[in-house]
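Worksheet for the structure shown next.
Protein chains: 2
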Amino acid sequence: MIKEEKDFKEQLSLRGAEIEEIIKKYLPGEEDVPTSIVEAMNYSLLSGGKRLRPMLMQEMYKLFGGDGVGVERFMAAMEMIHTYSLVHDDLPAMDNDEYRRGRRTTWAVYGNAMGVLAGDALLNYAFETALQVLYNCGTVEDFQRVRSALSVLSFNAGIYGMIGGQVADMEAENSQEALGNEQILYVHTHKTGALIKASMLIGAILAGAPDSYRADIAKCAMDIGTAFQIQDDILDVVGDSAEMGKPVGSDEANGKQTYVTINGMEKSVAEVNRLSGEALEIIQSFPGDHSFLEMLVQYLIERRS
Amino acid sequence: MIKEEKDFKEQLSLRGAEIEEIIKKYLPGEEDVPTSIVEAMNYSLLSGGKRLRPMLMQEMYKLFGGDGVGVERFMAAMEMIHTYSLVHDDLPAMDNDEYRRGRRTTWAVYGNAMGVLAGDALLNYAFETALQVLYNCGTVEDFQRVRSALSVLSFNAGIYGMIGGQVADMEAENSQEALGNEQILYVHTHKTGALIKASMLIGAILAGAPDSYRADIAKCAMDIGTAFQIQDDILDVVGDSAEMGKPVGSDEANGKQTYVTINGMEKSVAEVNRLSGEALEIIQSFPGDHSFLEMLVQYLIERRS
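Chains as they are written, first to last, in my numbering: chain A, 11 to 315; chain B, 11 to 315.
Quick look at the structure:
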């Protein structure tokens with residue numbers, strides 16, 4: 011491993027640990043509430059995830075000069091929303107997964123009904139957590155930023171964002187017809203891209219980034235989300251199953267239509283490179299020291315597992 | 011039917027129709043989103059419900075002199091949250107109900123996975139809808155009211171309110187041990203009481219009711235919610251199954267522990283009367299013409315089906 015890569019991995023793990031502590035600060039209290047639901051929520055939240063969304067949010071917040079603590083609640087809320095989507099995705103009614111990253115899924119441990127309720131509780135608690143920031147607004151400017159962050163969060167988590175992507179993904183998987191790039195890219199930009207976009211935008215908004223950056227940040231986030239997903243499709247064909255901890259070739263075996271099955275390998279690799287290059291170019295136009303963000307994005311996109 | 015009762019029923023149906031129009035105003039738009047999810051959400055929302063929660067909210071808003079339109083979005087949001095809770099309650103993973111009020115449930119029409127996603131989408135869209143009111147705040151006072159309403163909404167819908175009640179209800183049903191009144195009343199005040207409390211409080215808060223009314227409004231709402239549920243338990247024993255559209259005696263047949271099985275019929279009827287009397291006494295201390303609210307509360311509690 012070259013030194014720069016080693017330094018980045020160390021920094022990544024330090025940041026992850028820091029974010030873990032922030033998330034723990036905002037776990038639900040256990041007073042006047044059935045213990046079981048809090049247990050199921052915490053089991054789901056503290057699952058050793060990489061915390062990429064809050065990490066992107068925090069990094070954007072720092073780049074644009076943020077120094078308050080208001081971003082912490084939004085970081086925790088974002089991870090709660092990401093987590094609820096996984097908890098519901100794993101349900102027998104959805105993907106019926108008993109394991110995720112080698113660990114039993116929430117419904118597998120606490121039962122099917124509690125899986126539904128724990129997901130609901132996490133989504134609701136995300137808003138409870140983020141809404142409290144409205145009580146820390148000292149100025150009209152603060153209020154406007156928090157209002158905007160709340161609006162971005164709720165919009166991108168719902169049918170115009172992540173949920174829309176999940177529905178489209180489900181429909182694509184059940185579809186007997188040939189899919190076009192438009193449909194595949196809708197799923198990628200919504201199911202994965204929407205929360206990445208919201209994370210980057212919220213960090214920038216809370217730090218008071220000028221509105222003129224908004225379109226670029228959104229574009230950058232969509233590039234990252236799309237490239238991440240196409241890379242997923244690529245790795246399913248050429249990845250190392252030992253490194254990835256899951257079998258390769260499962261998309262083809264399942265007859266799943268992906269960006270790669272539609273466009274071929276060569277074009278897919280070229281598209282990942284194009285998107286990655288575009289995202290990095292946009293990042294270079296941001297203020298501050300963006301070396302960590304650059305490496306994070308490269309790490310996300312150009313991973314081999 | 012005496013004239014007063016007839017007038018009330020007419021007013022009730024007029025109010026219901028008015029609220030139906032308000033809810034329709036805030037249905038999700040269909041642009042850039044899979045049609046199927048919007049269809050499933052609208053099917054769930056437009057199910058001929060009685061709209062009691064938004065009705066209580068609107069009535070409190072009027073009593074305390076509210077004249078803005080900000081309450082409408084909260085009325086729609088409240089009904090979305092109530093609706094999502096029914097959609098998820100009906101899932102095979104939960105109560106496994108294919109019919110509700112003689113109509114097929116959401117998952118029975120759109121499938122199990124869509125049932126999960128439609129519920130998630132409604133909960134998220136409720137916050138999207140209510141959060142927009144932050145953009146209609148002209149004064150600091152407006153902002154403080156809306157912030158407080160959002161906080162009350164999210165708190166009472168989550169683990170410290172409705173979801174907490176649902177979990178406790180599920181655990182009580184599965185419990186082999188004898189339940190005490192404390193556990194039964196926890197379920198009643200949370201599963202049903204929390205959203206009634208939130209509805210009444212939000213109406214009053216948005217209208218600018220003095221804080222001194224808060225405790226009384228909360229108490230009144232809890233009385234209504236609890237009396238409503240004990241009446242449910244009573245009707246399960248003495249109700250007319252034709253009038254109710256469901257069999258009587260199902261709690262006993264299912265071995266379900268209720269307020270009536272624990273305390274007996276006489277004490278249960280006395281408790282409903284006490285709670286109802288207390289709620290009405292509190293309502294009489296509210297400003298404005300509260301005759302409709304009084305009749306609404308009596309109608310809710312003293313119903314025979």
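Just so you know, even glycine gets a beta-carbon here, dropped at the ideal spot from N, CA and C.
Count the other C-beta atoms from every protein chain shown that fall within 10 angstroms of the C-beta of residue i, then say buried if there are 16 or more, exposed otherwise.
i, result
"residue 186 of chain B", "exposed"
"residue 294 of chain A", "exposed"
"residue 112 of chain A", "exposed"
"residue 281 of chain B", "buried"
"residue 29 of chain A", "buried"
"residue 191 of chain A", "exposed"
"residue 216 of chain B", "buried"
"residue 95 of chain B", "buried"
"residue 166 of chain B", "buried"
"residue 233 of chain A", "buried"
"residue 188 of chain B", "exposed"
"residue 19 of chain A", "exposed"
"residue 4 of chain B", "Any answer about residue 4 of chain B is impossible in this case: the structure gives chain B only from 11 up to 315."
"residue 155 of chain A", "buried"
"residue 292 of chain A", "buried"
When you compare the CB of residue i with every CB in chain B, is at least one pair closer than 9 Å?
i, result
"residue 267 of chain A", "no"
"residue 98 of chain A", "yes"
"residue 125 of chain A", "yes"
"residue 174 of chain A", "yes"
"residue 122 of chain A", "yes"
"residue 157 of chain A", "yes"
"residue 57 of chain A", "no"
"residue 130 of chain A", "yes"
"residue 88 of chain A", "no"
"residue 85 of chain A", "no"
"residue 101 of chain A", "yes"
"residue 164 of chain A", "yes"
"residue 289 of chain A", "no"
"residue 168 of chain A", "yes"
"residue 275 of chain A", "no"
Taking C-beta to C-beta, are residue i and residue j nearer than 9 Å?
i, j, result
"residue 209 of chain B", "residue 231 of chain B", "yes"
"residue 286 of chain B", "residue 267 of chain B", "no"
"residue 54 of chain A", "residue 129 of chain A", "yes"
"residue 259 of chain B", "residue 246 of chain B", "yes"
"residue 316 of chain A", "residue 101 of chain B", "Within the shown structure, residues of chain A are numbered from 11 to 315, placing residue 316 of chain A beyond reach of any answer."
"residue 110 of chain B", "residue 145 of chain A", "no"
"residue 219 of chain A", "residue 67 of chain A", "no"
"residue 103 of chain B", "residue 122 of chain A", "yes"
"residue 43 of chain A", "residue 174 of chain B", "yes"
"residue 239 of chain A", "residue 202 of chain A", "yes"
"residue 168 of chain A", "residue 131 of chain B", "yes"
"residue 163 of chain B", "residue 212 of chain B", "yes"
"residue 59 of chain B", "residue 152 of chain B", "no"
"residue 37 of chain B", "residue 52 of chain B", "yes"
"residue 314 of chain B", "residue 250 of chain B", "yes"
"residue 182 of chain A", "residue 200 of chain A", "no"
"residue 306 of chain A", "residue 73 of chain A", "no"
"residue 35 of chain A", "residue 82 of chain A", "yes"
"residue 180 of chain B", "residue 172 of chain A", "no"
"residue 159 of chain A", "residue 84 of chain A", "yes"
Between residue i and chain E, is there a C-beta pair that is closer than 9 Å?
i, result
"residue 295 of chain B", "In summary, chain E is missing from the structure at hand, where the protein chains are A and B."
Flag residue i as yes if its beta-carbon sits less than 9 Å from any beta-carbon of chain A, otherwise no.
i, result
"residue 54 of chain B", "no"
"residue 205 of chain B", "no"
"residue 107 of chain B", "no"
"residue 220 of chain B", "no"
"residue 161 of chain B", "yes"
"residue 118 of chain B", "no"
Legend entry - Residues of the stretch 176-187 of chain A whose Cβ lies closer than 9 Å to any Cβ of chain B, in chain order: For the stretch 176-187 of chain A, which is checked against every Cβ of chain B, the residues closer than 9 Å are 176, 177, 178, 180, 181.
Inset, instruction - Count the C-beta pairs between the stretch 189-197 of chain A and the stretch 108-128 of chain A that are closer than 8 Å, then say yes if the count reaches three, no if not. - result: No, the stretch 189-197 of chain A does not touch the stretch 108-128 of chain A.
Legend entry - Residues of the stretch 132-152 of chain A with Cβ closer than 8 Å to any Cβ of chain B, in chain order: Against chain B - using a Cβ distance shorter than 8 Å - the residues of the stretch 132-152 of chain A are 133, 134, 135, 137, 138, 141, 142, 144, 145.
Legend entry - Near-chain A residues of the stretch 222-237 of chain B - C-beta to any C-beta below 8 Å: Within the stretch 222-237 of chain B, no residue qualifies.
Legend entry - Sufficient close CB pairs (3 or more, under 8 Å) joining the stretch 134-148 of chain B to the stretch 82-96 of chain B: Taking 8 Å as the limit for Cβ pairs, the verdict is that the stretch 82-96 of chain B does touch the stretch 134-148 of chain B.
Inset, instruction - Please list the residues of the stretch 35-51 of chain B that have a C-beta atom closer than 8 Å to any C-beta atom in chain A, keeping them in chain order. - result: Residues of the stretch 35-51 of chain B that bring their beta carbon within less than 8 Å of a beta carbon in chain A comprise 38, 42, 43, 44, 46, 47, 48, 51, in sequence order.
Inset, instruction - Could you please tell me which residues of the stretch 64-77 of chain A, in chain order, have their CB closer than 8 Å to any CB of chain B? - result: Listed by position along the chain: nothing, the set is empty.
Legend entry - Interfacial residues, the stretch 189-216 of chain B to chain A, with Cβ spacing under 7 Å: So the list is empty, because no residue satisfies the distance condition.
Legend entry - the stretch 301-313 of chain A: positions lying closer than 7 Å to chain B by Cβ: Within the stretch 301-313 of chain A, no residue qualifies.
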